[in-house]
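Its first residue numbered 1, the sequence shown is counted upward by one per residue in the UniProt record's numbering. In what follows, a structure is listed as C-alpha cells, so that the remarks can point back to it.
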Amino acid sequence: MRFLRYFSFFLILTLVLFTNCAKRGTITGGLKDTLAPVILSTNPENFSTHFNEKTIQINFDEYVKLNKVNQQLIISPPMDTQPEITPMGYPSKFIKIKIFDTLKANTTYSFNFGESIQDNNEGNPYTNYKYVFSTGDYIDSLKLTTNFEDAYSKKSSGTVNLLLYETAGFNDSTIYKKKPLYVASAKDSVSNADLENLKSGTYYLVALQEKNSNYKFDPKSDKIGFHPTPITLPTDSVFRLKLFSETKQTTAYRPSMVSQNKWLAAYEGDTKNLKVTALGNNKSIASRIQKVPGKDSIYIFTPTDKYDSLQFKFKTPDYEKIHTVNQRTLKQIDTLQVKFTKSGSIQFRDTISFSTNTPFKTISNDLIQVIGKDSLQIPFTIKTDSLNNLVKILFDKVEDEKYTVFLKPNSVTDFYDNALKTEMIQRFQTGKLTDYGNISFTLSGTVNYPIIFELLTKDEKLYDYLYITEESSIEFRAIEPDKYFIRIIEDANGNKKWDTGSYLEKRQPEKVVNFLKEFDIRANWELNETLVMP
C-alpha cells in the first residue's frame with residue numbers, strides 16, 4: 001500500500017515536470033524552404049509563335065504571390081495600355097496576364113518579371129522569369145550588350161532603363177514624346193544589361209535613370225546617356241554609356257515677400273550669369289541678390305521705400321523674365337549681424353571667413369586685424385563673394401600657432417548703411433605638421449591636359465584639388481589622417497570645372513576617371529602612388 005502511494009506521488013511529479021518542460025519548447029517544423037516555385041505549365045506555351053491571344057496563364061507547383069510587380073515587370077516592346085496582372089494582394093497557384101493593347105505584327109514580345117514572383121510562405125523569388133512570344137513566324141533572338149555608369153560619381157546609378165529606337169522616323173524629339181521599340185532594365189548597383197529578343201536592323205541606344213519610369217526623357221528630373229551613332233544588329237560589341245543630368249534651362253519664378261525689403265525667388269539653372277534688376281515705379285532702383293545656402297533660391301534685397309509698382313527683371317544671355325509683385329506691410333529686416341564660419345582649431349587649408357545676414361556693402365581692411373600668439377600683426381588680404389555673402393580673410397598659416405582676428409566697429413557696413421557697432425573677436429589655432437600626412441602621385445598612361453585632380457573623402461566630398469595644365473609633380477601636403485579617393489576630370493574646354501553633356505547638342509560630358517583604390521593617410525606619413533589613366 002505504501003509502495004503504491006510512493007509510486008503514485010512519483011508518477012504525478014514526473015508528469016508535472018514533463019508538462020513544464022514541454023511548455024518551454026516550440027516545434028520548428030523542419031528545415032526552412034529555400035527553393036523557388038516551379039512552373040508546371042503555361043498557356044499558351046512560352047516562346048509561342050503566331051500569338052494572337054488576350055490571356056496568358058502561368059501555373060506553379062505551389063502558392064505564389066507578386067511583390068512590387070509594377071516596379072519589377074519589364075515588357076518589351078512597351079505597351080501603350082498596361083496589361084492586367086493577377087493575383088494582386090493574395091496568393092494563387094497561377095499568374096494571369098490580360099492583354100488589352102493591340103499587338104504589333106511580326107514582333108517578339110517579352111515579359112521579364114524580375115524578382116516579383118515569390119513563393120507564398122518564405123518569399124523565395126523565381127528570378128528573372130521571362131515569358132516570350134512572337135506575333136510572327138519566329139522568335140527574334142538577337143542581343144545587345146550594354147555597360148553604363150554615372151558620368152561624374154563613382155556611386156551607383158540606381159535603376160537604369162535601356163531604350164532602343166528604330167532609326168526610321170527617329171528625330172531629336174522622339175525620346176521626349178514616344179516610347180522605344182525595345183526596353184531592358186538594370187536594378188540598383190548593377191552596371192550592365194542586355195536587350196534581348198531583338199530583330200536585325202539599325203537602332204539608336206539611350207539609357208535613362210527616370211523619376212517616372214514612363215520611358216520618356218524628362219530633362220528636369222532624369223539622367224540620360226546616349227550612343228552618338230546608330231547601331232546595326234547583329235553585333236558582338238559592348239556599348240558603354242555615361243549617365244548625366246543636363247544643365248537646366250534658366251527659369252526664375254515670381255518672388256515672394258519675406259520681410260519689408262527682402263524677397264525670396266526660386267529658380268532653375270545656373271545663377272552664375274544671372275542678373276536681377278529691380279524697378280520701382282518703372283525706374284531702376286538699387287538691389288542685391290544673395291544665394292540661399294543649399295537651395296535653388298535667391299534672396300533679393302531692395303530699399304525699404306514703398307512703391308506703387310515694383311518689378312523684378314531676371315536676365316541671362318539667353319533668358320529674360322519680368323515679374324510684377326505686390327508690396328505688403330511686413331516687419332523690417334533684421335539689423336546687421338556678423339558671424340564667423342569657423343572657430344577654434346582649424347586646418348591649414350581652411351579659410352577664415354565671416355558672413356552677414358544682410359548684403360555687405362563695404363569692408364574696411366584698416367579696421368581688421370590678424371594677430372599671432374606673439375602679438376605680431378599678420379599681413380592678410382580680403383576676398384569677397386557677394387553672391388554667397390561671404391568675406392574671406394587670407395593669410396599664410398604656420399604650424400602650432402594661435403591667431404586672433406579683430407573686427408573693429410564700422411569695419412563692415414551693409415546694403416542699408418548699417419555698420420558693425422561692437423568689436424568682434426575670434427580666436428583660431430593650427431596643429432602640428434606631424435599630426436598630418438602627405439601624399440604625392442605620378443600619372444601614367446594617356447593624360448589629356450588640362451586636368452582637375454581631386455582628392456575626395458570616403459563619402460565623396462571634395463577635400464582638395466589641383467588644376468594641372470601639363471606634366472608636373474602632384475602633391476597634397478598637411479592632409480588630415482583618414483581614407484581618401486582620387487577623381488580626375490579632363491577639362492576639355494579649359495574652364496576649370498566639369499561640364500555635363502547635352503542630348504540635343506549631341507555633346508558627351510567631359511571625361512571623368514574615378515579611381516576605386518582607397519588611400520589611407522596617416523599622421524606623420526608620406527605616401528607615393530602611381531595612377532594609370534585608362
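We treat Cβ as the ideally placed atom computed from N, Cα and C, and that holds for glycine.
Checklist entry - Does the count of Cβ pairs from the segment 221-240 and the segment 248-260 closer than 8 Å reach three? => result Segments in contact, no.
Item to check | aspartate 374 versus glycine 294 - alpha carbon distance | outcome: Taking the straight line from one Cα to the other gives about 40 Å.
Next on the checklist: Tell me whether the segment 206-215 and the segment 122-131 touch, counting them as touching only if at least three CB pairs, one residue from each stretch, are closer than 8 Å.
Outcome noted: As far as the Cβ criterion goes, the segment 206-215 does not touch the segment 122-131, which means the pair count is below three.
Next on the checklist: Contact defined as beta carbons within less than 8 Å: I believe glycine 280 pairs with tyrosine 299. What is the distance between those atoms, to the nearest angstrom?
Outcome noted: Tyrosine 299 and glycine 280 do not touch by the CB rule: their CB atoms are close to 17 Å apart, not below 8 Å.
Checklist entry - What are the boundary residues of the beta strand (DSSP E) that glutamine 290 is part of? => result Bounds of the beta strand (DSSP E) holding glutamine 290 are 288-291.
Item to check | In chain order, each beta strand (DSSP E) run of at least 3 residues that lies wholly inside the segment 310-337 | outcome: Taking only runs of at least 3 residues, the beta strand (DSSP E) segments lying wholly in the segment 310-337 are 310-316, 319-325.
Checklist entry - Which runs of the beta strand (DSSP E) fall wholly inside the segment 140-170 and span at least 3 residues, in chain order? => result Those beta strand (DSSP E) runs which fall completely within the segment 140-170 and span 3+ residues are 142-150, 160-166.
Checklist entry - Do the segment 496-511 and the segment 522-533 make contact, defined as three or more Cβ pairs closer than 8 Å? => result Verdict: no, contact absent.
Checklist entry - Going by C-alpha distance, which of Val160, His323, Thr341 is nearest aspartate 222? => result Of the listed residues, the one whose Cα sits closest to aspartate 222 is Val160.
Item to check | Proximity to lysine 511 [Cα-Cα], best of Gly494, Thr202, Ser185 | outcome: Among Gly494, Thr202, Ser185, the Cα nearest to that of lysine 511 belongs to Gly494.
Item to check | N-terminal and C-terminal residue of the alpha helix (DSSP H) that lysine 177 is part of | outcome: Taken as a continuous stretch (DSSP letters only), the alpha helix (DSSP H) holding lysine 177 covers 174-177.
Item to check | Endpoints, the beta strand (DSSP E) within which asparagine 192 is located | outcome: Per DSSP, asparagine 192 belongs to the beta strand (DSSP E) from 192-198.
Next on the checklist: Does the segment 464-484 come into contact with the segment 403-415, if we say contact requires no fewer than three beta-carbon pairs (one atom in each stretch) closer than 8 Å?
Outcome noted: In short, these stretches do not touch, since the Cβ pair count stays below three.
Checklist entry - Under the three-state reduction of DSSP, which class applies to glutamine 72: helix, strand or coil? => result It is helical.
Item to check | According to DSSP, residues forming a beta bridge with residue 617 | outcome: Limits of the chain in this structure are 1 at one end and 534 at the other, which puts residue 617 out of reach.
Checklist entry - Which of helix, strand or coil does DSSP assign to phenylalanine 515? => result In the structure shown, phenylalanine 515 sits in a strand (DSSP, three-state: E or B).
Next on the checklist: Check this for me: beta carbons of asparagine 112 and isoleucine 74, under 7 Å apart or not?
Outcome noted: Inclusion of asparagine 112 and isoleucine 74 in the CB contact set at 7 Å is warranted, their separation being smaller than that value.
Checklist entry - Mind checking arginine 427: buried by the 16 CB within 10 Å criterion, or exposed? => result Result: exposed.
Item to check | Counterpart residues of glycine 89 in DSSP-defined beta bridges | outcome: Answer is none; glycine 89 lacks a bridge partner.
Item to check | Residue of Met257, Asp350, Tyr267, Asp296 minimising C-alpha distance to threonine 304 | outcome: Measuring from the Cα of threonine 304, the nearest candidate turns out to be Met257.
Checklist entry - Measuring CA to CA, which of Lys104, Pro37, Val38 is closest to glutamate 53? => result For glutamate 53, the closest alpha carbon among the candidates Lys104, Pro37, Val38 is that of Lys104.
Checklist entry - By how many angstroms is the C-alpha of phenylalanine 148 removed from the C-alpha of tyrosine 519? => result The amino acid at residue 519 is misidentified as tyrosine; the sequence shows phenylalanine. When only Cα atoms are considered, phenylalanine 519 and phenylalanine 148 end up about 26 Å apart.
Next on the checklist: If the criterion is Cβ atoms closer than 7 Å, does the pair asparagine 43 and valine 132 meet it?
Outcome noted: Taking 7 Å as the cut-off, the beta carbon of asparagine 43 is found no closer than this to the beta carbon of valine 132.
Checklist entry - For aspartate 172, which option in Leu433, Lys216, Pro87, Leu516 has the closest C-alpha, if you only look at C-alpha atoms? => result When only C-alpha atoms are compared, the closest one is Lys216.
Item to check | Assigned exposure category for proline 180 - 16 Cβ within 10 Å defines buried | outcome: Buried, by the Cβ-count rule.
Next on the checklist: Does leucine 504 come out as helix, strand or coil in the three-state DSSP assignment?
Outcome noted: In the structure shown, leucine 504 sits in coil (DSSP, three-state: anything other than H, G, I, E or B).
Checklist entry - Could you give the residue range of the beta strand (DSSP E) that holds glycine 136? => result Following the DSSP letters along the chain, one finds glycine 136 in no beta strand (DSSP E), marked with neither H nor E.
Item to check | 6 Å CB neighbourhood of threonine 302 in its chain, flanking five on each side removed | outcome: Closer than 6 Å at the Cβ level, and outside the excluded window around threonine 302, lie Asn261, Ala278, Ser287.
Next on the checklist: Please list the terminal residues of the continuous beta strand (DSSP E) segment that includes leucine 443.
Outcome noted: 437-445 is the span of the beta strand (DSSP E), which, as asked, contains leucine 443.
Next on the checklist: Taking the beta strand (DSSP E) that phenylalanine 111 belongs to, which residues open and close that run?
Outcome noted: Residues 108-112.
Checklist entry - Taking the beta strand (DSSP E) that isoleucine 488 falls in, what are its first and last residues? => result From DSSP, the beta strand (DSSP E) with isoleucine 488 extends over 482-490.
Item to check | Assigned secondary structure, leucine 387 (DSSP; H/G/I helix, E/B strand, else coil) | outcome: Leucine 387: coil per DSSP, three-state reduction.
Checklist entry - From the DSSP output, which residues share a beta bridge with leucine 241? => result As a beta-bridge residue in DSSP terms, leucine 241 pairs with Phe148.
Item to check | Delimiting residues of the beta strand (DSSP E) encompassing leucine 527 | outcome: Residues 526-533.
Next on the checklist: Please classify asparagine 388 as buried or exposed, where buried requires at least 16 neighbouring CB atoms within 10 angstroms.
Outcome noted: Label assigned to asparagine 388: exposed.
Checklist entry - Could you give the C-beta distance for asparagine 59 and serine 41, rounded to a whole number, given that I count them as a contact under 8 Å? => result In this structure asparagine 59 is in contact with serine 41, their Cβ atoms being roughly 5 Å apart against a cut-off of 8 Å.
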